[in-house]
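Residue numbers (this note's numbering): 1 to 503. Report on one structure; see the data block that follows.
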Amino acid sequence: MERGFGGLGFSRSAGILLPVSSLPSPYGIGTFGTSAREWIDFLHEAKQSYWQILPLSPTGFGDSPYQGLSAFAGNPYFIDLDILCEDGLLERADFEDIKWGVSDCEVNYSIVYNNRECVLRKAFSRFEDEAALGGFVADNHWFAEYGLFMALKKVQGQRSWLEWDEPLRLRQADALLLAQEEFKDDIRYHAFVQYMFHKQWRALRDYANAKGIGIIGDAPIYVSLDSADVWANHELFQLDGNAVPIEVSGCPPDGFSETGQVWGNPLYDWDFVAKTGYEWWLKRVKSDFDFFDVLRIDHFRGLESYYAVPYGASDASGGRWKPGPGIGFIDAIKQAMPDARIIAEDLGFLTDDVHKLLVASGYPGMKLIQFAFDSRADDNDSPDTYEENLVVYTGTHDNETLKGWCKDAPKDSVKSAMKYLGVRWRKSLLPLKMTELAMGCKANLVIIPMQDWLGLGNEARINTPSTTGGNNWRWRLGGKWLEDARRSRIDEIIADITEASKR
Numbered sequence: 001m002e003r004g005f006g007g008l009g010f011s012r013s014a015g016i017l018l019p020v021s022s023l024p025s026p027y028g029i030g031t032f033g034t035s036a037r038e039w040i041d042f043l044h045e046a047k048q049s050y051w052q053i054l055p056l057s058p059t060g061f062g063d064s065p066y067q068g069l070s071a072f073a074g075n076p077y078f079i080d081l082d083i084l085c086e087d088g089l090l091e092r093a094d095f096e097d098i099k100w101g102v103s104d105c106e107v108n109y110s111i112v113y114n115n116r117e118c119v120l121r122k123a124f125s126r127f128e129d130e131a132a133l134g135g136f137v138a139d140n141h142w143f144a145e146y147g148l149f150m151a152l153k154k155v156q157g158q159r160s161w162l163e164w165d166e167p168l169r170l171r172q173a174d175a176l177l178l179a180q181e182e183f184k185d186d187i188r189y190h191a192f193v194q195y196m197f198h199k200q201w202r203a204l205r206d207y208a209n210a211k212g213i214g215i216i217g218d219a220p221i222y223v224s225l226d227s228a229d230v231w232a233n234h235e236l237f238q239l240d241g242n243a244v245p246i247e248v249s250g251c252p253p254d255g256f257s258e259t260g261q262v263w264g265n266p267l268y269d270w271d272f273v274a275k276t277g278y279e280w281w282l283k284r285v286k287s288d289f290d291f292f293d294v295l296r297i298d299h300f301r302g303l304e305s306y307y308a309v310p311y312g313a314s315d316a317s318g319g320r321w322k323p324g325p326g327i328g329f330i331d332a333i334k335q336a337m338p339d340a341r342i343i344a345e346d347l348g349f350l351t352d353d354v355h356k357l358l359v360a361s362g363y364p365g366m367k368l369i370q371f372a373f374d375s376r377a378d379d380n381d382s383p384d385t386y387e388e389n390l391v392v393y394t395g396t397h398d399n400e401t402l403k404g405w406c407k408d409a410p411k412d413s414v415k416s417a418m419k420y421l422g423v424r425w426r427k428s429l430l431p432l433k434m435t436e437l438a439m440g441c442k443a444n445l446v447i448i449p450m451q452d453w454l455g456l457g458n459e460a461r462i463n464t465p466s467t468t469g470g471n472n473w474r475w476r477l478g479g480k481w482l483e484d485a486r487r488s489r490i491d492e493i494i495a496d497i498t499e500a501s502k503r
């Protein structure tokens with residue numbers, strides 16, 4: 001497969017999916033530091049062209065990057081402390097005695113949450129480049145609302161903005177002006193955090209691009225209810241006069257869930273959004289392309305029609321389908337950003353109208369090798385039918401690992417995969433054969449989660465949809481992953497399979 005990520009389409013190429021949070025680091029969670037550069041070096045050596053990541057948003061309750069506190073801001077957890085030391089903003093004594101977790105193979109969000117801000121505030125106390133900070137705030141339209149939102153959440157004990165007193169909850173002008181003055185120092189702290197996040201990420205992205213690695217980012221179609229986006233833009237969402245959601249996002253019952261899923265995100269008032277010329281969305285997508293080379297729009301089918309669940313419902317069985325913005329939304333993006341390279345996450349229950357919208361968009365959709373054989377999946381097209389304008393995965397962050405799927409999927413599904421791939425007796429070979437099947441298919445772009453290359457089971461699963469807590473978003477590469485990978489020649493194996501997949 002060829003390197004390179006120029007042009008609107010994809011040349012025949014491959015990449016690896018790994019969240020930033022899953023990188024090793026001494027500080028409890030992956031960061032933009034040395035290990036991230038070692039990971040990029042590994043991708044280069046393994047002849048990959050892309051690194052796909054999950055949303056970089058600051059996370060709130062549940063630690064999910066798909067329930068971020070802002071669609072524009074970055075996660076402070078990813079700021080590397082060693083780089084802050086190099087910048088003269090921290091000393092080792094500021095954090096060397098902190099125990100960031102018990103295991104280097106998982107994130108302990110409680111420990112990270114309770115310690116990271118304290119360290120960053122020490123760095124902030126030594127920061128003196130007011131011109132840089134002022135320039136950052138002036139260049140980022142979203143920050144004024146985000147900075148105030150974060151300052152208010154702190155004094156409100158991190159409660160959701162829906163629980164704030166009415167003047168702030170409903171954004172009365174006098175209350176906002178008073179808060180901006182009262183909490184200006186805390187707002188400035190958040191400006192510093194976002195400035196450092198952007199500075200470190202851009203340096204890392206430049207490093208990746210110089211190595212021939214493009215970054216594929218992820219844009220959740222929905223934003224979290226408890227976010228600066230919803231608090232600052234009530235009119236964009238389906239809220240009542242007290243700013244309470246009328247209906248929320250979800251998906252209907254299917255083979256994986258008898259009662260469907262209640263995601264709980266507020267739904268857009270698409271009629272109003274369209275009347276603005278999709279202004280907020282265009283700003284968001286432009287901001288995303290400041291971070292990424294390629295953007296995956298999560299839940300693309302919601303642009304054709306979306307599933308609305310009554311607010312407060314315990315399950316999604318009482319939901320209904322409502323029309324989305326359709327081709328008008330896509331045309332607005334293409335007109336504003338004709339060179340934008342976008343992947344449509346079109347998994348799940350799809351109608352003819354969704355397929356027509358995808359074709360009209362020209363965006364590549366997605367196929368999962370797991371779903372090709374899974375009797376529970378809506379999309380179980382044979383890999384023989386895959387076309388070039390597709391992005392093929394073995395699975396995503398929401399799926400079991402291949403090894404886990406081979407162990408836990410319905411027996412008839414596993415037998416179907418074994419028969420298709422000619423694996424008669426040695427079931428242990430099935431995950432690798434499924435990976436090779438993905439790499440050898442007709443699609444122009446293939447993305448494999450790192451867990452599948454390492455042959456890991458569901459202990460390395462990133463997320464189980466419709467659940468909170470547990471092991472979600474916690475898995476990390478161990479601190480010796482690179483040494484172990486090279487000892488077992490994983491980089492060479494990936495490179496060999498990638499090269500063998502050339503047409």
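The beta carbon of each residue, even a glycine, is placed where N, CA and C say it ideally should be.
- Annotated three-state conformation of residue 254 is strand, per DSSP.
- Positions of the beta strand (DSSP E) runs, each at least 3 residues long and wholly inside the region 274-339, are given as 294-298, 305-310 and 320-323 in order along the chain.
- Inclusion of residue 71 and residue 223 in the CB contact set at 8 angstroms is warranted, their separation being smaller than that value.
- Distances from the CA of residue 17 to each of 213, 379, 357 and 250 were compared; the closest alpha carbon is that of 213.
- Judged by DSSP in its simplified three-state form, residue 204 adopts helix.
- By the CB criterion at 8 angstroms, residue 460 and residue 475 fall inside the cutoff.
- Look at the region 396-475 and you find these whole runs of alpha helix (DSSP H), each 4 residues long or longer: 402-408, 411-421, 430-440 and 450-454.
- Sorting 351, 336 and 263 by C-alpha distance to the C-alpha of residue 282 places 336 at the top.
- Contact check for residue 319 against residue 260 passes: the beta carbons are separated by less than 8 angstroms.
- The criterion of a C-beta distance shorter than 8 angstroms is satisfied by residue 220 and residue 66.
- Here residue 356 is exposed. Its C-beta has fewer than 16 other C-beta atoms within 10 Å.
- Distance from the Cα of residue 365 is smallest, within the candidate group 291, 407 and 446, for 446.
- Inclusion of residue 490 and residue 454 in the CB contact set at 8 angstroms is warranted, their separation being smaller than that value.
- Taking the CA atoms as reference points, residue 147 sits about 12 angstroms from residue 229.
- Going by C-alpha positions, residue 467 is about 16 angstroms away from residue 255.
- Taking 8 angstroms as the cut-off, the beta carbon of residue 321 is found closer than this to the beta carbon of residue 305.
- The C-alpha of residue 361 lies about 10 angstroms from the C-alpha of residue 328.
- Closest in C-alpha terms to residue 25, from the list 78, 342, 14 and 50, comes 78.
- In this structure, residue 191 places its C-beta atom within 8 angstroms of the C-beta atom of residue 143.
- Runs of the beta strand (DSSP E) spanning 3 or more residues and lying entirely within the region 172-222 occur at 214-220, in chain order.
- In the DSSP annotation of this structure, residue 153 is not part of any beta strand (DSSP E); the continuous alpha helix (DSSP H) holding it starts and ends at 143-155.
- The DSSP-derived three-state label of residue 392 is strand.
- The shortest C-alpha to C-alpha distance from residue 373 to any of 245, 416, 84 and 303 is the one to 416.
- Pairing residue 406 with residue 452, the inter-Cα distance amounts to about 12 angstroms.
- Partner residues in the beta bridge of residue 14, as assigned by DSSP, are 446.
- Its Cα nearest to that of residue 22, the residue 397 stands out among 197, 429, 69 and 397.
- Scanning the region 82-149 for uninterrupted alpha helix (DSSP H) segments of 4 residues or longer gives 109-125 and 130-139, listed from N- to C-terminal end.
- If you check the CB distance, residue 299 and residue 235 do not come in under 8 angstroms.
- The C-beta separation of residue 245 from residue 307 comes to about 14 angstroms, leaving the pair out of contact by the 8 angstroms criterion.
- Residue 228 carries a helical assignment under DSSP once its states are collapsed to helix, strand and coil.
- Taking residue 196 as the centre and dropping the five residues before and after it, the same chain places the C-beta of 79 closer than 6 angstroms to its C-beta, in chain order.
- Just so you know, the alpha carbons of residue 11 and residue 50 end up roughly 12 angstroms apart.
- Residue 75 and residue 63 have their C-alpha atoms roughly 11 angstroms apart.
- In the three-state reduction of the DSSP assignment, residue 356 falls in the helix class, which pools H, G and I.
- Residue pairing from DSSP places residue 268 in a beta bridge opposite 237.
- Sixteen is the threshold: since fewer than 16 other Cβ atoms of the shown chains lie within 10 Å of the Cβ of residue 499, the residue is exposed.
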